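K.L.:
Protein chains: 2
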Amino acid sequence: MPRRTELLGIAAELFAEKGFTNTTVRDIADAAGILSGSLYHHFDSKESMVEEILTSFQARLFEAYDEVLASDDDPRTKLERVVRLSFEAIDQHRAEVAIYQNDSSYLGGFERFGFLAERNAQMRTMWTDLVREGVAAGVLRQDLDVELVYRFIRDTVWVAVRWYRPGGDLTHTDVADQYLSILLEGISRA
Amino acid sequence: MPRRTELLGIAAELFAEKGFTNTTVRDIADAAGILSGSLYHHFDSKESMVEEILTSFQARLFEAYDEVLASDDDPRTKLERVVRLSFEAIDQHRAEVAIYQNDSSYLGGFERFGFLAERNAQMRTMWTDLVREGVAAGVLRQDLDVELVYRFIRDTVWVAVRWYRPGGDLTHTDVADQYLSILLEGISRA
DNA sequence: TAGGCAAGCAAGCAGTTGCTTGGTAGCGTA
DNA sequence: TACGCTACCAAGCAACTGCTTGCTTGCCTA
Chain A
1 MPRRTELLGI AAELFAEKGF TNTTVRDIAD AAGILSGSLY HHFDSKESMV
51 EEILTSFQAR LFEAYDEVLA SDDDPRTKLE RVVRLSFEAI DQHRAEVAIY
101 QNDSSYLGGF ERFGFLAERN AQMRTMWTDL VREGVAAGVL RQDLDVELVY
151 RFIRDTVWVA VRWYRPGGDL THTDVADQYL SILLEGISRA
Chain B
191 MPRRTELLGI AAELFAEKGF TNTTVRDIAD AAGILSGSLY HHFDSKESMV
241 EEILTSFQAR LFEAYDEVLA SDDDPRTKLE RVVRLSFEAI DQHRAEVAIY
291 QNDSSYLGGF ERFGFLAERN AQMRTMWTDL VREGVAAGVL RQDLDVELVY
341 RFIRDTVWVA VRWYRPGGDL THTDVADQYL SILLEGISRA
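Listed in order, the protein sequences are those of chains A and B. For the first sequence, position 83 matches number 83 in the numbering used here, and the numbering has no gaps at all. Take any residue in the second sequence, note its place counting from 1, add 190, and you have its number in the numbering used here.
(1) Given that residue 163 of chain A touches chain B, what residues does it touch there, using C-beta distances under 7 Å?
(2) Do residue 85 of chain A and residue 65 of chain A have their beta-carbon atoms positioned less than 8 Å apart in this structure?
(3) Could you work out which residue in B:228, B:217, B:207 is closest to residue 352 of chain B when comparing CA atoms only?
(4) What residues are listed by DSSP as bridge partners for residue 378 of chain B?
(5) For residue 87 of chain A, which of helix, strand or coil comes out of DSSP?
(6) What is the DSSP secondary structure of residue 292 of chain B, counted as helix, strand or coil?
(7) Could you check the C-alpha separation between residue 280 of chain B and residue 348 of chain B for me, to the nearest Å?
(8) Classify residue 123 of chain A as buried or exposed, calling it buried when 16 or more other Cβ atoms lie within 10 Å of its own Cβ.
(9) Does the structure place the stretch 282-294 of chain B close enough to the stretch 191-205 of chain B that three or more beta carbon pairs sit under 8 Å?
(10) Please list the terminal residues of the continuous alpha helix (DSSP H) segment that includes residue 347 of chain B.
(11) For residue 261 of chain B, which three-state DSSP category applies?
(12) Answer yes or no: does any C-beta atom of chain A fall closer than 8 Å to that of residue 379 of chain B?
(13) Quick one: any contact between the stretch 168-179 of chain A and the stretch 330-346 of chain B, if contact means 3 or more CB pairs under 8 Å?
(14) So which residues on chain B does residue 138 of chain A lean against when the C-beta distance must stay under 9 Å?
(15) Are the stretch 368-379 of chain B and the stretch 135-143 of chain A touching, with three or more C-beta to C-beta distances below 8 Å?
(16) Would you list, in chain order, the members of the stretch 172-187 of chain A that have their beta-carbon closer than 9 Å to a beta-carbon of chain B?
(17) For the putative contact between residue 305 of chain B and residue 245 of chain B, defined by C-beta atoms under 8 Å, what is the C-beta separation to the nearest angstrom?
(18) Closer than 8 Å by beta-carbon distance: list the chain B residues that pair up with residue 125 of chain A, in chain order.
(19) Does any residue of chain B bring its CB to less than 8 Å from the CB of residue 120 of chain A?
(20) Would residue 285 of chain B count as contacting chain A if we go by Cβ distances under 8 Å?
(21) Assuming residue 34 of chain A is part of the alpha helix (DSSP H), what are its boundary residues?
(22) Kindly indicate if chain A contains any beta-carbon less than 8 Å away from that of residue 255 of chain B.
(23) Quick one: which chain B residues come within Cβ less than 7 Å of residue 156 of chain A?
(24) Whole angstroms is fine: what's the gap from residue 213 of chain B's alpha carbon to residue 344 of chain B's?
(25) Count the other CB atoms within 10 Å of the CB of residue 109 of chain A; is the residue buried (16 or more) or exposed (fewer)?
(26) Going along chain A, which residues have a C-beta under 8 Å from residue 296 of chain B?
(27) Is residue 15 of chain A helix, strand or coil by DSSP?
(28) For a test of the three-state rule: what should DSSP assign to residue 172 of chain A, helix, strand or coil?
(29) At the 8 Å Cβ level, is residue 256 of chain A part of the contact set with chain B, yes or no?
(30) What does residue 334 of chain B touch in chain A if you count any residue whose Cβ is under 9 Å from its own?
(31) When burial is assigned at 16 or more other CB atoms within 10 Å of the CB, is residue 216 of chain B buried or exposed?
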């Protein structure tokens, strides 16, 4: 693995754990076993590190989403697959998701991180379209506030990164199963 | 209003907006129209400001929770009331909830903020007990993973502080209605 | 009208921050 | 053996951080 990639991984872990601004370049350098100045041989700035971490993660994530959306599955299946994909992303890219969850509101304030808002809009379109298709197809309730349903799903799925631990008792599939069951059927007794 | 209270309000808004560590004492002083050093006439430290903000908020919140729990409502009604109370707290104490959401993992690392973990445990007991009572009473599904249901509810409710805007189109009651409807009945067509 | 007090100013200190500069060690290759 | 490249070191700078100190101002009240 190229040193550059290695360093990005170390930085991502620290950003996820302590937050972007609370992580100093000296923290990253210490964890890598080098001096802080040496980091600037590999990267322009601390910001360019997060930028690279987030963009490459999002690129992979949306590629996976697009594959589902392009399929000819029915709306409900697509919705399920997208939820499962998201929990899988939390499992396999914990640090990246955590950074996205915790620091994107701060980072979004800088021009160079405008792509965050774009991806958010893309995400919103994806979810609301899926819900609307489900309603149109008659598999989802007609009285839903699509925008609210989108927010509830998005929040519950992504915030799970705060408590989900890869390798624990619950697999990401377990979590997705339970969540989909609750989301689709509710918690009331039939 | 005492100057002290006024300053806490200003600080809370800034903490909520930019995060605790990203808010400098000079930011707070500027917003209050005084010099940074003058803040120390009112408070020991920046940390004691957040501490006071969070403890007083949580005290009021749990007081309201306790009233519901002590009532003789049935489990499902209690669950509904607690959800509604939480959305109401987001509406009326946006800044405090936002600080609690965004900075408690960082603050929790300091000894003086141990009360955050205690309140978290208290919150967890409250929710899981409510769900278990609902299951026992036969109004909630028997196959629920109580711990997971608790996490999903907690996350969805509190993270709403990120997008809910008091005075907007949706009242906190609207949001609570929709969420309870989804949570209890699911989004699938009956 | 003298005393006490809440509120704030002016100046600065020590530590931390992201980042820069000029240099070097080691390795592969021509 | 000279060259170029990757990876890093050593030292430090300017800006910013939370906080301290000694002092002043204006108001209330006894």
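Each residue gets a CB set at the ideal place from its N, CA and C atoms; glycine is no exception. All figures in this text were calculated on a predicted structure; none of them were measured in a lab.
P.N.:
Walking through what the data contain:
(1) Position 163 of the first sequence, counted from the first residue, corresponds to residue 163 of chain A. Per Cβ cutoff of 7 Å: 341.
(2) Numbered from its first residue, the first sequence carries residue 65 of chain A at position 65. Numbered from its first residue, the first sequence carries residue 85 of chain A at position 85. In this structure, residue 85 of chain A lies closer than 8 Å to residue 65 of chain A by Cβ.
(3) By one-based count along the second sequence, residue 352 of chain B stands at place 162. Per the Cα distances, B:207.
(4) Here residue 378 of chain B refers to the residue found at position 188 when the second sequence is read from its first residue. BP columns for residue 378 of chain B point to A:140.
(5) Taking the first sequence and counting its residues from 1, the one referred to as residue 87 of chain A is at position 87. It is helical.
(6) As a first step, residue 292 of chain B must be located in the second sequence, where it is residue number 102. Residue state, collapsed to three classes: helix.
(7) As a first step, residue 280 of chain B must be located in the second sequence, where it is residue number 90. As a first step, residue 348 of chain B must be located in the second sequence, where it is residue number 158. For residue 280 of chain B and residue 348 of chain B, the distance between alpha carbons rounds to 8 Å.
(8) What you label residue 123 of chain A is simply residue 123 of the first sequence in a count that begins at 1. Looking at its Cβ environment, which holds 16 or more other Cβ atoms inside 10 Å, residue 123 of chain A is buried.
(9) yes
(10) Taking the first residue of the second sequence as position 1, residue 347 of chain B is located at position 157. Element bounds for residue 347 of chain B: 336-349.
(11) What you label residue 261 of chain B is simply residue 71 of the second sequence in a count that begins at 1. If DSSP states are grouped into helix, strand and coil, residue 261 of chain B belongs with coil.
(12) Counted from its first residue, the second sequence places residue 379 of chain B at position 189. Yes, residue 379 of chain B lies at the interface with chain A (some Cβ there is under 8 Å from its Cβ).
(13) yes
(14) Counting from one through the first sequence, the residue named residue 138 of chain A turns up at place 138. Per Cβ cutoff of 9 Å: 379.
(15) yes
(16) 174, 175, 178, 179, 181, 182, 183, 184, 185, 186, 187
(17) In the second sequence, counting from the first residue as 1, residue 305 of chain B sits at position 115. In the second sequence, counting from the first residue as 1, residue 245 of chain B sits at position 55. Sure, about 6 Å apart at Cβ, within 8 Å.
(18) The residue you call residue 125 of chain A lines up with position 125 of the first sequence. Going along chain B, no residue has its Cβ under 8 Å from residue 125 of chain A, so there is no contact; the nearest lies around 16 Å.
(19) The sequence position of residue 120 of chain A within the first sequence is 120, counting from 1. So, not an interface residue.
(20) As a first step, residue 285 of chain B is located in the second sequence; it is residue number 95 there, counting from the start. Chain A contact via Cβ: absent.
(21) The sequence position of residue 34 of chain A within the first sequence is 34, counting from 1. Careful: residue 34 of chain A lies outside any alpha helix (DSSP H) and carries neither H nor E.
(22) By one-based count along the second sequence, residue 255 of chain B stands at place 65. Judged by the 8 Å Cβ criterion, residue 255 of chain B is not in contact with chain A.
(23) On the first sequence, position 156 is the one that residue 156 of chain A refers to. Neighbours of residue 156 of chain A on chain B, chain order: 342, 345, 346.
(24) On the second sequence, position 23 is the one that residue 213 of chain B refers to. On the second sequence, position 154 is the one that residue 344 of chain B refers to. Rounded to whole angstroms, residue 213 of chain B to residue 344 of chain B spans 27 Å at the Cα level.
(25) Sequence index remark: in the first sequence, residue 109 of chain A carries index 109 (1-based). By the neighbour-count rule (16 or more Cβ atoms within 10 Å), residue 109 of chain A is not buried but exposed.
(26) By one-based count along the second sequence, residue 296 of chain B stands at place 106. Here the neighbours are 18, 19, 22.
(27) The residue labelled residue 15 of chain A in the question sits at position 15 within the first sequence. It is helical.
(28) Working through the first sequence from its first residue, we reach residue 172 of chain A at position 172. Helix.
(29) Past the edges of chain A, shown from 1 to 190, lies residue 256 of chain A, and the structure says nothing about it.
(30) Residue 334 of chain B sits at position 144 when you count from the first residue of the second sequence. Going along chain A in sequence order, the residues near residue 334 of chain B (Cβ under 9 Å) are 178, 181, 182, 187.
(31) For the purposes of this step, residue 216 of chain B is taken as the residue at position 26 of the second sequence. The residue is exposed, with fewer than 16 neighbouring Cβ atoms inside 10 Å.
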